[in-house]
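If you're matching them up, the sequences are chains H and P in order. The end of the first sequence is residue 1595 by the numbering used here, with every number in the run present. The end of the second sequence is residue 450 by the numbering used here, with every number in the run present. Worksheet: the structure to be examined is printed underneath.
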Amino acid sequence: METADLSHHISRRFNADLEGVRTQVLAMGGFVEEQLQKAVTALVEGDSGLGEAVALDDRKVNDMEISIDEECSRILATRAPTAGDLRVIVAIIKTITDLERIGDEGEKIAYIAGRLASMERPTDKYREIKHLGRQVEQMVHGALDAFARMDAQAAVRVAREDRSVDEEYESIQRQCITFMMEDPRTIRRALDVMWVVRALERIGDHAKNICEYVIYMVYGKDVRHTQLDEIERDLAARGA
Amino acid sequence: MNFTWSFALARAGVAFGLALIAGWVFGGMPWWLAGVIAAYLCYHLVNLFRLNRWLASRALLEPPNTGGLWGDIIAQIVRLERRKRYHKQRFIRMFREFRRSSAVMPDGVIMLTRTREIQWFNRTARRLLDLKPKLDVGLRIDNLIRVPEFVRYLDEGRFDAPVVVPVHANGGTMLALHVVPYGEGGQLLFARDVTRQSQIEALRTDFVANASHELRTPLTVIMGYLDTLADDPALGEAWRAPLAEMRRQAERMNAILHDLLELSRLEATGARAGDEPVDVGGLLSLLRKDAVASSPRPREITLSLESQAQLRGAAAELESAFSNLIQNAVRYTPEGGRINIRWWTDAAGGHVSVADTGIGIPAEHLPRITERFYRVDRGRSRATGGSGLGLAIVKHALQRHGAELEVVSEEGKGSRFTCHFPPDRVIAETRRAVG
């Protein structure tokens, strides 16, 4: 009777630990989402002050990553989790790396936003970047939602969006090349825009990675470097 | 003891009495007694069996008709059963009504547990916050609504006002989220779509800022010419007074525009002020010097600094707030009056007060004096040259520092304006001495 009670107690504390670290990850995710949103806004609206603020705040993302990393090591050392719990911890450790990278890319965008704010704005007012930014923000949001809900199907859906982000990236790239050929004076700005678009495309990839960790966390299947259709068929076969 | 029990006891007594009599008359007393006890036991066992069988499937069977003590017990069970069913049905009906009514509520409602887990939400909440029915029950709300400002709102636990946050999932929707604690640790979260209101609000703020900005340039030109004209010796004597008045009014317009811009800047830059350390003592001494130098009427302005502590905040905003309070005191205190500026700290945080022996504010005006352009006495405040925006600026600047403005005033005797800053905004003096 007593031992049963003890083990129950331990597992409950363990659950609380896991839940706590998951909440920390999602809080970090929320912060990164906001950073990304602000960075894109700073660029589109030419707000150099906002850009600087975002670039400065990236430090907080790094702090969060370190603190979550330490918490995960502590859980691994003291609780020695197995099976599903272990997968959750592994997925968390990987997820925060990707979140931190998203933060870095956001910082890059914010930094360039500060520089572009002093330059003449193009006639389209960065409409394409705004659109791509919205798309990528939604991917990150969807990936984190799937993480919160442990929803593998939603994760597959979000991962699929990466393709359209890639297409958008290609099309903006082509557009930039055209601009540069038409008017060499825009080369400097176009190069900066290329950097931003490239960063957004990378963020899309990181969001896709997070989706893959969600699938791994829920089904214990490593789906990196696998075709999405195959994953979906697989999930359907498991009756998910 | 009711009738059934007396009857049952009497019956048992009679049976034992008969057994005793029979044993005494015919002999073999133990056998007679044993026989009666066995019969009695059988009677109860049979009834127990019938009761048990009926209880096991009481939804289908009629209650057994036993009469006597057992009949009484069965009747009570039936009564209990009926009451329970009635309450259950009433509860189900109420719950169904509640669900129906909550579904058509214009506001989103989410029930949260002590640990912020979602227990239940209505249809509007589902739509506004993009929640998934069933799947999201049991998840922590701050895992799904991850906007840092909302998470901070939950952590701080000051739920007297809603927090307005953008909800990304719906693309630019602004929601006002308001937590209301209920019962023991439970929380209700109300969500309302305020996208339109915040757009209108933004439009209004932008308009005021742009209009003031646009008005400034022509005003500067007018003021420049007025200055040149006033200094022109060729100007007739009859024009001196009107020109002086024109200059005064132009100055006032300039002051109003300055305050309007200041106010819209305060409104535009986020909800929380910065974190730089501000030396309150130094700031107040400077402001006092300004007040002494600029005021046209001689009077006593004292400064009592009872703390060396600093405040965490935005220096420019704090300066503008304190300076407005001091200017007001100067403006409304007649010759010979006294003004005391005080800075002190205690367990409740830091406090700056400006007390005067001026004309005071009638009690009925107190709740409204921080509104824009609100005047206690229209004629008088125009004559003294205020913009009508000073206290609105004070209120906004303090709000952004999490501080509160307390006003105590008595007509004819004077007023005291006190700014209360929360403890987490105060940097204690000991730490400064070490650093």
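Virtual Cβ for every residue (Gly too), placed ideally from N, Cα, C.
- Message: Run through chain H and tell me which residues come within less than 7 Å of residue 155 (chain P), C-beta to C-beta.
- Response: Under the 7 Å cutoff, chain H gives 1378.
- Query: If we count the other Cβ atoms within 10 Å of its Cβ and call it buried at 16 or more, is residue 348 (chain P) buried or exposed?
  - Reply: Around the beta carbon of residue 348 (chain P), a 10 Å sphere encloses 16 or more other beta carbons of the protein chains shown; the residue is thus reported as buried.
- Within the 9 Å Cβ cut-off, does residue 1507 (chain H) reach chain P? Residue 1507 (chain H) does not count as touching chain P.
- Query: How many angstroms separate the CA atom of residue 46 (chain P) from the CA atom of residue 25 (chain P)?
  - Reply: Taking C-alpha positions only, residue 46 (chain P) is separated from residue 25 (chain P) by approximately 22 Å.
- Item | Whole-angstrom distance between residue 368 (chain P) and residue 449 (chain P), CA atom to CA atom | Confidence in residue 449 (chain P) is poor, its pLDDT being 42 and thus under 50, which makes the residue's placement too unreliable to answer from.
- Query: Does residue 151 (chain P) come within less than 9 Å of chain H when only Cβ atoms are used?
  - Reply: By this cut-off, residue 151 (chain P) is an interface position.
- Flag this pair as yes or no: are the beta carbons of residue 125 (chain P) and residue 234 (chain P) separated by less than 9 Å? Not a contact, by the Cβ cut-off of 9 Å.
- Query: Of the residues P:408, P:362 and P:344, which one's Cα is nearest the Cα of residue 336 (chain P)?
  - Reply: Among P:408, P:362 and P:344, the Cα nearest to that of residue 336 (chain P) is on P:408.
- Any C-beta of chain P under 9 Å from that of residue 1461 (chain H): Not closer than 9 Å to any Cβ of chain P, the Cβ of residue 1461 (chain H) fails to qualify, so no.
- Terminal residues of the continuous beta strand (DSSP E) containing residue 359 (chain P)? That run of the beta strand (DSSP E) goes 353-361.
- Task: Look at the alpha carbon of residue 1581 (chain H) and the alpha carbon of residue 1525 (chain H), and state the distance between them as a whole number of angstroms.
- Result: Going by the C-alpha atoms only, they are around 22 Å apart.
- residue 1474 (chain H) lies in the beta strand (DSSP E); which residues open and close that run? DSSP places residue 1474 (chain H) outside any beta strand (DSSP E), giving it a letter other than H or E.
- Item | Buried versus exposed, by CB contacts within 10 Å (16 or more), residue 1370 (chain H) | Flag for residue 1370 (chain H) reads exposed.
- Taking residue 1559 (chain H) as the reference, which of H:1443, H:1388 and H:1381 has the closest Cα? Closest option to residue 1559 (chain H), Cα to Cα, is H:1388.
- Those residues which DSSP pairs with residue 369 (chain P) across a bridge: In the DSSP output, where bridge partners are listed per residue, residue 369 (chain P) has P:356 and P:432.
- Which residues in chain H sit within 7 Å of residue 162 (chain P), going by Cβ to Cβ distance? Against chain H, a Cβ distance below 7 Å from residue 162 (chain P) picks out 1385 and 1389.
- Message: Just checking: is the beta-carbon of residue 1440 (chain H) within a distance shorter than 9 Å of some beta-carbon in chain P?
- Response: At a cut-off of 9 Å between beta-carbon atoms, residue 1440 (chain H) makes no contact with chain P.
- Task: Report yes or no: is there a C-beta of chain H within less than 9 Å of the C-beta of residue 127 (chain P)?
- Result: Output row for residue 127 (chain P): interface = no.
- Task: Tell whether a beta-carbon distance below 9 Å holds between residue 329 (chain P) and residue 440 (chain P).
- Result: Going by beta carbons, residue 329 (chain P) and residue 440 (chain P) fall outside the 9 Å limit.
- Task: Note down the Cα distance separating residue 1401 (chain H) from residue 1585 (chain H), rounded to an integer number of angstroms.
- Result: Whole-angstrom Cα-Cα distance: 43 Å.
- Item | DSSP state of residue 1579 (chain H) mapped onto helix, strand, coil | In the three-state reduction of the DSSP assignment, residue 1579 (chain H) falls in the coil class, being assigned neither a helical nor a strand state.
- Message: Assuming contact is defined by CB atoms lying nearer than 9 Å, are residue 303 (chain P) and residue 341 (chain P) in contact in what I supplied?
- Response: Yes.
- Message: Let me see if you follow: with CB-CB separation under 9 Å, is residue 1516 (chain H) close to chain P or not?
- Response: With a threshold of 9 Å between beta carbons, residue 1516 (chain H) makes no contact with chain P.
- Message: Between residue 236 (chain P) and chain H, is the shortest Cβ-Cβ distance under 9 Å, so that the two count as touching?
- Response: Residue 236 (chain P) does not count as touching chain H.
- Query: If you follow the alpha helix (DSSP H) that residue 1561 (chain H) is part of, which residue opens it and which one closes it?
  - Reply: In the DSSP assignment, residue 1561 (chain H) falls within the alpha helix (DSSP H) that extends over 1542-1574.
- From the DSSP output, in three-state form, read off residue 45 (chain P) for me. DSSP places residue 45 (chain P) in helix when its eight states are reduced to three.
- Item | CB contact flag (residue 1372 (chain H), residue 1442 (chain H), <9 Å) | Taking 9 Å as the Cβ cut-off, residue 1372 (chain H) and residue 1442 (chain H) do not qualify as a contacting pair.
- Item | residue 308 (chain P) versus residue 346 (chain P): straight-line alpha-carbon distance, rounded | Going by the C-alpha atoms only, they are around 14 Å apart.
- Query: From what residue to what residue does the alpha helix (DSSP H) around residue 1494 (chain H) run?
  - Reply: Its alpha helix (DSSP H) spans residues 1482-1504.
- Task: With DSSP collapsed to three states, give me the class of residue 228 (chain P).
- Result: Helix.
- Message: Taking the beta carbon of residue 333 (chain P) as the centre, do at least 16 other beta carbons fall within 10 Å, making it buried, or is it exposed?
- Response: Around the CB of residue 333 (chain P), 16 or more other CB atoms lie within 10 Å, so the residue is classed as buried.
- Boundaries (first-last residue) of the beta strand (DSSP E) holding residue 181 (chain P): From DSSP, the beta strand (DSSP E) with residue 181 (chain P) extends over 178-182.
- Continuous beta strand (DSSP E) stretch holding residue 188 (chain P): start and end: Where residue 188 (chain P) is concerned, the enclosing beta strand (DSSP E) stretches over 188-197.
- Task: Could you spell out where the beta strand (DSSP E) holding residue 136 (chain P) opens and where it closes?
- Result: According to the DSSP assignment, residue 136 (chain P) belongs to the beta strand (DSSP E) that extends over 133-136.
- From residue 1455 (chain H) to residue 187 (chain P), what distance separates their C-alpha atoms? So the two alpha carbons sit approximately 24 Å from each other.
- Message: Cβ closer than 8 Å: which chain P residues qualify as neighbours of residue 1314 (chain H)?
- Response: As displayed, chain H neither begins before 1356 nor continues past 1595, which places residue 1314 (chain H) out of reach and without an answer.
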